[in-house]
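Student: I have a structure I would like to understand better, so I am pasting it below and will then ask my questions one at a time.
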Amino acid sequence: MVLAKIALLQGAWFLIVLKSVYFRPLLTLIFCLFILSLNYVLFKPRVSKKKYVLFSLLFTCAGAVLDGGLIAFDIVKSSSYSLTYLGLWPIFVCYYDDIFKKFLNVKSVYLGLLGGAGGAMAYWSCLQLNALSSSNELVLLGATFAYWFIFFPGSLHMYHETSLWGKFLDKTILFSFDKTGFNRHKNHFEEALDDINLEGKQALVTGGTSGIGAEVGLSLAQQGASVTVTGRSKDKGRRFGDKHQKLKFISLDMADWNAIEEFCENTPPLDLIALNAGGMPKEVTFNDEGVEFQCASQLVGHYLLIEALRRKGKLGKGARVVWVSSGGMYLKKLDLDKLFSGKDYDKVDTYANVKRAQVTLVEELAKSSEWKAFTMVSMHPGWVDTGGLEEALPRFYKLIGNRLRSASQGADTVSWILATKTDLVDGKFYFDRNTVSPYISNSYKPSKKQREQLVNRLKSYVDSKLN
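Going by our numbering, the residue at position 147 of the sequence shown is 1116; the numbering climbs one at a time, nothing skipped.
Below you can see the structure in the form of structure tokens.
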């Protein structure tokens, strides 16, 4: 059966190469889809359908890169090249399961030699069949050998090894921040939250009456902690507070700094704190102190809260604080000019800027001697289907709404950070229970001057309230 498959695939290769003049790209696409589908049905590859399709696309892109490069450098004459040749690349996936899996234990260098020889031989055959013409055949064979020397072992191991495949999917963002990313990552979770006892712990969750905050609050209560959740809606808060005897609701607007100070005076010492309150007003809004609302509540308000708790001795020994940031800040550089003023207000851009500032603040506070006795980290929950997302980002929601994580999936890392027996890395950024970089490149890192200005500005607001 395998020999028949090899004969069929080789026959398809010769058919496309020799009869390319009779093929059109659309006809080639249909033919390739037929071969790929037939292989999947008859030979049942041991990979998911999604992975199979993605690898077919990956091979097509790899072919476009190599062939495009050969044409761009005039190694292959463009007049001799047919787009139908790209159809040969996805068909190559059909070899990867039952045929090439026998080579998995071969050293990468030997796999590279095998792949390089095979790739060079394929292009040499095209030359001999007059299907391609080259300005320099030796350079063509050398280039294809080098390309396949790298591509073959890498793609083969990525196809068969879930860890490499997972790393590839994580780089796509789409298959990392969505629910499939969570389902893949959770296979590596070592702790079950239900097994952790938090009896005797006092917890606080801001913005805890719905979405991620509600799931965190309920999870902590089910583990035995006494949980205070805050929010602006009294009706919603009271209804949520009735869900568990360990839950208590207190009405608190994080943009109301006077109310925050009063709350800190009356609360018992806290051991676990999730700074989760958020929101995106459509129009620019300011609090009583003249600070833009998102910044006033999510950044200054939260910092005022934990500073007041620390100064008043309301943080328990070894207390943990987690700031719930957002993956949306990855494409945003810190802009201090707009942060506090609301200048050129755009709700999404402002949200990303505030979330970037949160992460920067956590990094700086972790260096401070004042916070050495406590653990403070930040995190992002991925793309989560919360109540306000559809209203805030309707196009984004419409595009990937069916891929969004549930609120409980988004809350998992927050709950884990607060409950885990594992030692956390102070000041770090977490995603799906692992530390990750909050920067897609060094150019997104705030400068030393920006960091100092941010901390000094925040301290000035806090000191004016608490001194």
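By construction, the Cβ of each residue, glycine as well, lies at the ideal position given by its N, Cα and C atoms.
Are the segment 1221 to 1234 and the segment 1270 to 1278 touching by the rule of at least three beta carbon pairs closer than 8 Å?
Tutor: At 8 Å Cβ cutoff, the stretches touch.
Student: In the DSSP assignment, the alpha helix (DSSP H) including SER1145 goes from what residue to what residue?
Tutor: As a position in the sequence shown, residue 1145 is number 176, starting the count at 1. Where SER1145 is concerned, the enclosing alpha helix (DSSP H) stretches over 1143 to 1146.
Student: Would you mind reading off the limits of the alpha helix (DSSP H) that contains SER1347?
Tutor: The residue given as residue 1347 occupies position 378 in the sequence shown. From DSSP, SER1347 is part of no alpha helix (DSSP H) but of the beta strand (DSSP E) over 1344 to 1348.
Student: Just to confirm, are ALA1376 and GLY1180 a CB contact at a threshold of 8 Å?
Tutor: As a first step, residue 1376 is located in the sequence shown; it is residue number 407 there, counting from the start. As a first step, residue 1180 is located in the sequence shown; it is residue number 211 there, counting from the start. Yes, these two residues count as a Cβ contact at 8 Å.
Student: Quick one: what does DSSP say TYR1408 is sitting in, helix, strand or coil?
Tutor: Here residue 1408 corresponds to residue number 439 of the sequence shown, with the count starting at 1. It is coil, neither helix nor strand.
Student: How many Å lie between ASP1222 and LYS1212 at the Cα?
Tutor: Here residue 1222 corresponds to residue number 253 of the sequence shown, with the count starting at 1. Here residue 1212 corresponds to residue number 243 of the sequence shown, with the count starting at 1. Their Cα atoms are separated by approximately 22 Å.
Student: When you compare each of TRP1093, LEU1334 and PRO1238 to GLY1428 by their alpha carbons, which one comes out closest?
Tutor: What you label residue 1428 is simply residue 459 of the sequence shown in a count that begins at 1. The identity of residue 1428 in the sequence shown is Lys, whereas the question assumes Gly. Among TRP1093, LEU1334 and PRO1238, the Cα nearest to that of LYS1428 is on LEU1334.
Student: With a threshold of 16 other CB atoms inside 10 Å of the CB of ILE1119, please say whether the residue is buried or exposed.
Tutor: Here residue 1119 is taken as the residue at index 150 of the sequence shown, counted from 1. That one is exposed.
Student: Measure how close the beta-carbons of VAL945 and VAL1346 come, nearest whole angstrom, since I'm counting them as under 8 Å.
Tutor: Given a span of 970 to 1436 for the chain in the structure shown, any question on residue 945 remains unanswerable.
Student: Between the Cα of PRO1350 and the Cα atoms of GLY1282, GLY1296, ARG1372 and PHE1262, which residue gives the shortest distance?
Tutor: As a working mapping, residue 1350 is identified with position 381 in the sequence shown. Checked all of GLY1282, GLY1296, ARG1372 and PHE1262; the closest Cα to PRO1350 is GLY1296.
Student: Nearest by alpha-carbon distance to SER958: which of ALA1246, TRP982, VAL1078 and ALA976 is it?
Tutor: No information on residue 958 is available, as it lies outside the stretch 970 to 1436 that the chain covers here.
Student: What are the residues that DSSP puts in a beta bridge with THR1199?
Tutor: One-based indexing of the sequence shown puts residue 1199 at position 230. Its beta-bridge partners are ILE1219.
Student: Specify the secondary structure class of ARG1153 as computed by DSSP and reduced to three states.
Tutor: Along the sequence shown, read from residue 1 onward, the residue named residue 1153 stands at position 184. Residue state, collapsed to three classes: helix.
Student: Decide if ILE1409 is buried, meaning its Cβ has at least 16 other Cβ atoms within 10 Å, or exposed.
Tutor: Position 440 of the sequence shown, counting from 1, holds the residue named residue 1409. Exposed, by the Cβ-count rule.
Student: I'd like to confirm the pairing. Which residues does DSSP put opposite PHE1398 in its beta bridges?
Tutor: By 1-based counting over the sequence shown, the position of residue 1398 is 429. In the DSSP output, where bridge partners are listed per residue, PHE1398 has SER1347 and VAL1405.
Student: Return the first residue and the last residue of the beta strand (DSSP E) that TRP1292 is part of.
Tutor: For the purposes of this step, residue 1292 is identified with residue 323 of the sequence shown, where counting begins at 1. First-last of the beta strand (DSSP E) with TRP1292: 1284 to 1293.
Student: GLY1311 to THR1254, Cα distance in whole Å?
Tutor: One-based indexing of the sequence shown puts residue 1311 at position 342. One-based indexing of the sequence shown puts residue 1254 at position 285. Computed Cα separation, rounded: 8 Å.
Student: Please name the residue in LEU1039, LEU1035, PRO1122 and THR1199 whose C-alpha comes closest to that of ALA1246.
Tutor: Along the sequence shown, read from residue 1 onward, the residue named residue 1246 stands at position 277. Out of LEU1039, LEU1035, PRO1122 and THR1199, THR1199 has the C-alpha closest to the C-alpha of ALA1246.
Student: Run through DSSP, which three-state label would ARG1015 get?
Tutor: For this step, residue 1015 is matched to residue 46 along the sequence shown. In this structure, ARG1015 counts as coil in the three-state DSSP scheme.
Student: Does the Cβ-Cβ distance between PRO1122 and GLY1084 come in under 8 Å?
Tutor: The residue given as residue 1122 occupies position 153 in the sequence shown. The residue given as residue 1084 occupies position 115 in the sequence shown. Cβ distance < 8 Å, so PRO1122 and GLY1084 count as in contact.
Student: Relative to the C-alpha of GLN1422, which residue among ASP1066, GLY1248, THR1391 and ASP1304 is closest?
Tutor: Counting from one through the sequence shown, the residue named residue 1422 turns up at place 453. Selected option, being the one with the closest Cα: ASP1304.
Student: Looking at the strands, I want to know which residues DSSP matches up with VAL1353.
Tutor: To locate residue 1353, count along the sequence shown from 1; it is residue 384. Answer by DSSP bridge pairing, in chain order: ARG1374.
Student: Tell me whether the segment 1056 to 1073 and the segment 1100 to 1117 touch, counting them as touching only if at least three CB pairs, one residue from each stretch, are closer than 8 Å.
Tutor: Because the criterion of three Cβ pairs below 8 Å is not met, the segment 1056 to 1073 and the segment 1100 to 1117 do not touch.
Student: Excluding the five sequence neighbours on either side, which residues of its own chain have a C-beta within less than 6 Å of the C-beta of LEU1358, listed in chain order?
Tutor: Position 389 of the sequence shown, counted from the start, is the residue given in the question as residue 1358. Around LEU1358: TYR1366.
Student: Only counting runs of 3 or more residues, tell me where the beta strand (DSSP E) segments fall wholly within the segment 1217 to 1274, in order along the chain.
Tutor: Those beta strand (DSSP E) runs which fall completely within the segment 1217 to 1274 and span 3+ residues are 1239 to 1244.
Student: Straight-line CA distance for ALA973 to TRP1117?
Tutor: The residue given as residue 973 occupies position 4 in the sequence shown. The residue given as residue 1117 occupies position 148 in the sequence shown. Whole-angstrom Cα-Cα distance: 25 Å.
Student: With a threshold of 8 Å between beta carbons, is LEU1358 in contact with chain C?
Tutor: Here chain C cannot be found, since the structure has a single protein chain.
Student: Do you know offhand how far THR1319's Cα is from GLN1171's?
Tutor: Walking along the sequence shown from the start, residue 1319 turns up at place 350. Walking along the sequence shown from the start, residue 1171 turns up at place 202. Approximately 32 Å between the Cα atoms of the pair.
Student: Between the Cα of LYS1013 and the Cα atoms of VAL1062, GLY1193 and VAL1431, which residue gives the shortest distance?
Tutor: Reading the sequence shown from its first residue, position 44 is the one you call residue 1013. The residue with the shortest Cα to Cα distance from LYS1013 is VAL1062.
Student: Could you check the C-alpha separation between ALA1031 and TYR1065 for me, to the nearest Å?
Tutor: For the purposes of this step, residue 1031 is taken as the residue at position 62 of the sequence shown. For the purposes of this step, residue 1065 is taken as the residue at position 96 of the sequence shown. Distance between the alpha carbons of ALA1031 and TYR1065 is about 15 Å.
Student: In its own chain, which residues sit with a C-beta less than 7 Å from the C-beta of VAL971, not counting the 5 before and 5 after it?
Tutor: Walking along the sequence shown from the start, residue 971 turns up at place 2. Result list for VAL971: ASP1067 and ILE1068, in chain order.
Student: Please return the same chain residues whose Cβ sits closer than 6 Å to the Cβ of GLY1298, not counting the five positions on each side in sequence.
Tutor: As a position in the sequence shown, residue 1298 is number 329, starting the count at 1. Here residue 1298 is Met; the residue named in the question, Gly, does not match the sequence. Hits under 6 Å: ALA1321, LYS1324 and ARG1325.
Student: When the Cα of TYR1128 is compared with those of SER1025, LEU1330, VAL1269 and ALA1342, which residue comes out closest?
Tutor: Here residue 1128 refers to the residue found at position 159 when the sequence shown is read from its first residue. Nearest option by C-alpha distance: SER1025.
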